[in-house]
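Those letters in the sequence shown? Residues 0 to 313, per numbering that gives the first Met the number 0, in order.
What follows is a set of notes on a single structure, which appears directly below.
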Amino acid sequence: MPETDSPHGEGYDAVFDYGDRTGYEPISDTDRKEFHEQGFLLLRNVLTEDHRAALEAAVDRVYAEEQAKGTTKKDGTLHLLGFLERDELFGELLTHPIAFPYMWGLAGWNIYTHHNHLDVTPPAAEPEKPYWGWHQDGYRQNSDPETMDPNLPRPMFSLKVAYVLSDLSETGRGATKVIPGSHLWNSLDRPKDLSVHNPDPEGTVEITANPGDAFIFDRRQWHSRSTNLSTITRKMLFVGYTYRWIRPLDELHPDVNGEWYQNRTPVQRQLIGEGTHTANYWGINWDGYVDDEIPLRKELKERGLLDRSVPWLR
């Protein structure tokens, strides 16, 4: 690909047309309010069609490789953790010019990707057995920081962006189900008998989306997978972001001398876990002052996007 001064890497400007979008356009107050109230945002037309098609082709290649290794499940599903290094296009998603502003706009500059997965879900071969899949992401993040007050919501800590590559515009195609506003609940009633099919909780919404759409959700959002009852194979890419002082869930092991790593921008290298020393992950230098050389903070500061009225953008 030809060289470019694009702040979000060379792949977009060289191949995909996102106009003058840089990935550093502040999100609107309306979107911020909806996210904080509902716990998720559905974004339309995030991927251009040629970009979506290229990502789908990359997913198909990775799926074939995993199938050849025997790592897909018997029913053909694939839930591949830490997929970013498997293709140049995946690495570029870290700073997607439309989705990335929501990551730093909602979580701030001291972030990185701790958890990312590639999902392929073929049509179900048989009716699903009784299953209760409702959960919040974060594992011990849902217990360790909790107070004794059940009405005090736990911290967000992380959020995900999910890129939709296949047609999920109708229900029954294996899309993610959520309960809007449930990110502020610390618990969800669980049916007593899980040996039978139970109805979804009241207020459940299945996120129907077109190819090229994306949705963003707070890790606290109560959500569940759904069964793919259609003839369409569901293909999704999920990229999670959290604070750099939180340990990774899916480890990346990039070859620092390899092409994939060398193609990453300073901001993207921060987002895959790079730091200069341990205190740097806490946003400071050893003198205890904020480190203005942290790539994403530096980028936002130079663009005048730091905002002391927003705690995570101070």
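Glycine included, every Cβ here is placed at the ideal spot set by N, Cα and C.
Note that the coordinates shown come from a computational prediction; the quantities given were computed from them, not determined experimentally.
When the options are compared against residue i, the one with the closest alpha-carbon
i, options, result
"residue 233", "38, 77 and 223", "77"
"residue 248", "229, 79, 148 and 313", "79"
"residue 44", "103, 266 and 96", "96"
"residue 149", "183, 178, 160 and 24", "183"
"residue 211", "26, 177, 41 and 135", "41"
"residue 223", "217, 168 and 177", "177"
"residue 298", "55, 94, 62 and 67", "94"
"residue 32", "180, 16 and 60", "180"
"residue 136", "126, 289 and 159", "159"
"residue 125", "309, 119, 73 and 27", "73"
"residue 334", "23, 35, 127 and 280", "Residue 334 lies beyond the stretch modelled for the chain, which goes from 0 to 313, so this question has no answer here."
"residue 15", "100, 288 and 48", "48"
Collapsed DSSP secondary structure at residue i in the structure displayed
i, result
"residue 166", "coil"
"residue 296", "helix"
"residue 32", "helix"
"residue 172", "strand"
"residue 102", "helix"
"residue 205", "strand"
"residue 54", "helix"
"residue 195", "coil"
"residue 222", "strand"
"residue 14", "helix"
"residue 61", "helix"
"residue 40", "strand"
"residue 134", "strand"
"residue 266", "helix"
"residue 1", "Caution applies to residue 1, whose pLDDT of 35 falls short of 50 and renders its modelled position unreliable; the value that the coordinates give is listed next. If DSSP states are grouped into helix, strand and coil, residue 1 belongs with coil."
"residue 72", "coil"
"residue 276", "coil"
Rounded straight-line distance, which links the Cα of residue j to that of residue i
i, j, result
"residue 295", "residue 133", "34 Å"
"residue 261", "residue 164", "27 Å"
"residue 39", "residue 142", "22 Å"
"residue 250", "residue 112", "10 Å"
"residue 291", "residue 283", "8 Å"
"residue 305", "residue 219", "26 Å"
"residue 18", "residue 307", "30 Å"
"residue 88", "residue 57", "8 Å"
"residue 265", "residue 85", "19 Å"
"residue 37", "residue 64", "38 Å"
"residue 259", "residue 83", "10 Å"
"residue 166", "residue 300", "39 Å"
"residue 238", "residue 116", "7 Å"
"residue 60", "residue 54", "10 Å"
Which residues DSSP lists as bridging residue i, in chain order
i, result
"residue 111", "241"
"residue 158", "217 and 240"
"residue 118", "78 and 235"
"residue 227", "172"
"residue 283", "289"
"residue 177", "204 and 222"
Residue-level contact to chain D via CB, residue i, 9 Å cutoff
i, result
"residue 104", "Looking at the structure shown, chain D is missing, and only one protein chain is on hand."
### Query
Would you call the region 184-198 and the region 266-273 touching, i.e. three or more CB-CB distances under 8 Å?
no
### Query
Is the region 236-251 touching the region 105-117 in the sense that three or more CB pairs, one from each, lie closer than 8 Å?
yes
### Query
With a cut-off of 8 Å, do at least 3 Cβ pairs link the region 197-208 to the region 165-179?
yes
### Task
Could you tell me whether the region 126-140 touches the region 191-200, where touching means 3 or more Cβ pairs closer than 8 Å?
yes
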